[in-house]
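Count along the sequence shown from 1, add 304, and you get the number used in my numbering.
Ideal Cβ positions, reconstructed from N, Cα and C, are used throughout, including at glycine.
Every value quoted in this text rests on a predicted model; they were computed, and no experiment measured them.
Structure record follows, encoded as structure tokens.
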Amino acid sequence: MRIVKSFEDVQVVLREILDWKSLLSTKDWDFKKLRIKNASPAVDPNDYVILDQLPEQVKKITQTTIPPTTPVSGGIISSPSSGGGSGTVTHTGLLVTGRLLIGNGGSDITQGSLTDETNNNVSSTSHGLVPKGPSDATKFLNGATTPAFAQVKDSDLSTSDITTNNVSTSKHGFTPKLPNDATKYLDGTGSFSVPSGGGGSGALVFLEHHAASSSSSLDFTTFYSSSYDKYLFVVVGLLAATDGVDLYFRVSTDGGSTYDSGTNYNYVGTRYQDNGTSAGFNGRATNQIKIVGAGGIGNASTDSISLSMYLYNPGSSALYKQVTYSGSMFIASVNSGSFLFTEGQGGYKSATAVNACRFLLSSGNIASGDIYCYGVSKS
305 MRIVKSFEDV QVVLREILDW KSLLSTKDWD FKKLRIKNAS PAVDPNDYVI LDQLPEQVKK
365 ITQTTIPPTT PVSGGIISSP SSGGGSGTVT HTGLLVTGRL LIGNGGSDIT QGSLTDETNN
425 NVSSTSHGLV PKGPSDATKF LNGATTPAFA QVKDSDLSTS DITTNNVSTS KHGFTPKLPN
485 DATKYLDGTG SFSVPSGGGG SGALVFLEHH AASSSSSLDF TTFYSSSYDK YLFVVVGLLA
545 ATDGVDLYFR VSTDGGSTYD SGTNYNYVGT RYQDNGTSAG FNGRATNQIK IVGAGGIGNA
605 STDSISLSMY LYNPGSSALY KQVTYSGSMF IASVNSGSFL FTEGQGGYKS ATAVNACRFL
665 LSSGNIASGD IYCYGVSKS
């Protein structure tokens, strides 16, 4: 603050005020009393500088007009005259907004192309790229140590007792878990049930079948089930390879590994001819149950035997096992060709449970024919 003590001091103050007024009203001076135009070279760090005092790089920027950029559509983009590399980048397609054009400095790169490079493929130890597709819709990328496209195998699947995807009336699906009951079958509602007409006592359920072809025997090893205590064996068109042989029946207590040929069987039967004659046959403590005896079965091309035989209580560990049978046959060598009827019964004198059985001839093979086994429903 200036202290005014005399008239001279007043004059000084008035000149300073007038000078500041002049500075405020002109555009040629700054507040440090330096001319803005045609100023001398700056001395003080706070002074304006003249053009000659600027570096050359700054002069070029201030003196150059940079044109606005425009989209490039095809053609050649030249490299700058100095700095930033050299050469040209050639683009043969349309540059699209949002895409990056990349050059490797040595050769052209086609936009969007990839090569079969496997170095960075995914593995069990690191994330990575998906391997090249195999062009096979049946193959899928697996989780092996080195993942690869492969077909899904049955052994890859895991099953459990989940009913969510079971078959139903509204969708395809999996078969429901088996009920372990040979009398039940999968019905049209997607459940296991006893077939219509098969739920009553005496209904037949097919269990096992064997066809003869020069066979030494026909063995039944899978028919037995605790669901039944009565079984029906149906013999259809059985033909012997040797003339005049008998049909035998034996049982097994070890699932068919061996068949008892000891003296544990009894039987009795009758054979009737169409000329009115008949003949009986029987045996005690024999090696098998004789089903057809008194002249046996023929082997002519027209000969055959068909019959039905019931086996009772084979699984019992307290009762002896019994069979009953009846059937018919034609034998060309009897009375110039005769139809015959045979019936009888027999037993296995053992309380041990029976779980397999065998049909065989007294001599030679069974040339042809079929035998079927059915379980007789208890309820």
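DSSP state of residue i mapped onto helix, strand, coil
i	result
residue 379	Residue placement at residue 379 is poorly supported in this model, since its pLDDT is 49, which falls under 50; the coordinates still yield a value, given next. Of the three classes helix, strand and coil, the one that applies to residue 379 here is strand, per DSSP.
residue 315	helix
residue 356	helix
residue 321	helix
residue 310	coil
residue 582	strand
residue 458	helix
residue 534	strand
residue 557	coil
residue 475	strand
residue 647	strand
residue 550	strand
residue 628	strand
residue 528	coil
residue 432	coil
residue 469	coil
residue 425	strand
residue 446	coil
residue 589	strand
residue 614	strand
residue 600	strand
residue 563	coil
residue 484	coil
residue 249	The chain is shown from 305 up to 683; residue 249 falls before or after that span and cannot be answered.
Beta-carbon contacts of residue i that lie in its chain and below 6 Å, excluding the five residues immediately before and after
i	result
residue 624	651, 653
residue 612	538
residue 502	Summary for residue 502: the model assigns pLDDT 49, below 50, so the residue's position carries little reliability, and this model does not support an answer.
residue 676	513, 538
residue 312	none
residue 287	Absent from the model: residue 287. The displayed extent of the chain is 305 to 683, so no value can be given.
residue 510	678
residue 433	424, 425
residue 379	Low confidence applies to residue 379: its pLDDT is 49, below 50, so where it sits in the model is not reliable, and the reading given next is rough at best. Excluding positions up to five away in sequence, the list is empty.
residue 491	497
Same chain, Cβ closer than 8 Å to residue i, five either side skipped, listed in chain order
i	result
residue 495	480
residue 308	314, 317
residue 321	none
residue 519	669, 670
residue 356	345
Bridge partners - residue i, DSSP secondary structure assignment
i	result
residue 523	662
residue 544	670
residue 595	In DSSP, residue 595 forms no bridge with anything.
residue 511	None, per the DSSP bridge assignment.
residue 576	582, 645
residue 606	The partner list for residue 606 (beta bridge, DSSP) is empty, contrary to what the question assumes.
residue 623	Answer by DSSP bridge pairing: none, since residue 623 is not bridged.
residue 679	509, 535
residue 516	673
residue 497	489
Cβ-Cβ separation, residue j to residue i (assumed contact under 8 Å), whole Å
i	j	result
residue 545	residue 668	5 Å
residue 536	residue 614	6 Å
residue 595	residue 551	5 Å
residue 529	residue 679	6 Å
residue 567	residue 586	Actually they do not touch by this definition, with Cβ atoms about 15 Å apart.
residue 648	residue 574	6 Å
residue 621	residue 671	Contact doesn't hold; Cβ gap of about 38 Å is too wide.
residue 571	residue 593	5 Å
residue 473	residue 493	6 Å
residue 603	residue 547	4 Å
residue 553	residue 627	7 Å
Same chain, Cβ closer than 7 Å to residue i, neighbours up to 5 away in sequence not counted
i	result
residue 420	436
residue 579	639, 642
residue 629	595, 611, 612, 613, 647, 648
residue 506	680, 681
residue 450	427
residue 438	453
residue 527	511, 512, 535, 677
Beta carbon proximity, residue i to chain C, threshold 8 Å
i	result
residue 631	Although the question refers to chain C, the structure presented lacks it and comprises just one protein chain.
Closer than 7 Å: residue i CB and nearest the ligand SAM heavy atom
i	result
residue 608	You won't find the ligand SAM in this model; it holds no ligand whatsoever.
Three CB pairs or more closer than 8 Å across the stretch 482-492 and the stretch 448-460 = no
Contact between the stretch 636-644 and the stretch 658-673: three or more CB pairs below 8 Å?
-> no
Between the stretch 538-555 and the stretch 600-617, are three or more C-beta pairs nearer than 8 Å?
-> yes
Is the number of C-beta pairs between the stretch 555-563 and the stretch 629-636 that are closer than 8 Å three or more?
-> no
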